[in-house]
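In the numbering used here, the protein residues as written are 1033 to 1156. Glycine included, C-beta positions come from ideal geometry on N, C-alpha and C. Predicted model only: the values in this text are computed from it and were never measured. Notes follow once the structure below has been shown.
This is how it looks when you write it as structure tokens:
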């Protein structure tokens, strides 16, 4: 009877140890996958920010570092530049509604009612 209990108890211990080792490996792989996913999202966000900065530099036609309402309107009238804005996610689609919404947003953001909005503020 003692031998049977010893073997049964020993088998349970070995199975629990194997389960623990397997579970630890699965968790470490999952942590690695999460870290890779976070790194991918950070890289995508950084790339989008750089693309948006470049796009805002193009919109700033006179190069003074401030985007005026006229510059924004002119850039929206340029179909190639408007398409680049659509690809970058600045506007939903190259249509009159999206352009009007962006211009309305610009007017709301330009609360000081001065010459325009600085490029760093537009990108932030």
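Paired residues, beta bridge with residue i - DSSP
i	result
residue 1150	1098
Beta-carbon contacts of residue i that lie in its chain and below 8 Å, excluding the five residues immediately before and after
i	result
residue 1142	1101, 1148 and 1149
residue 1135	1101, 1104, 1105 and 1108
Residue i versus the options, residue with shortest Cα-Cα distance
i	options	result
residue 1079	1153, 1129, 1035 and 1120	1120
residue 1104	1036, 1139, 1052 and 1053	1139
residue 1146	1034, 1098, 1050 and 1089	1098
residue 1117	1089, 1069 and 1034	1089
First through last residue of the alpha helix (DSSP H) which encompasses residue i
i	result
residue 1118	1111-1120
residue 1129	1128-1141
residue 1033	No alpha helix (DSSP H) contains residue 1033, which DSSP labels as neither H nor E.
Residue environment, residue i, which counts as buried when at least 16 other CB atoms sit within 10 Å
i	result
residue 1131	buried
residue 1087	buried
residue 1091	buried
residue 1114	buried
6 Å CB neighbourhood of residue i in its chain, flanking five on each side removed
i	result
residue 1081	none
7 Å CB neighbourhood of residue i in its chain, flanking five on each side removed
i	result
residue 1083	1120
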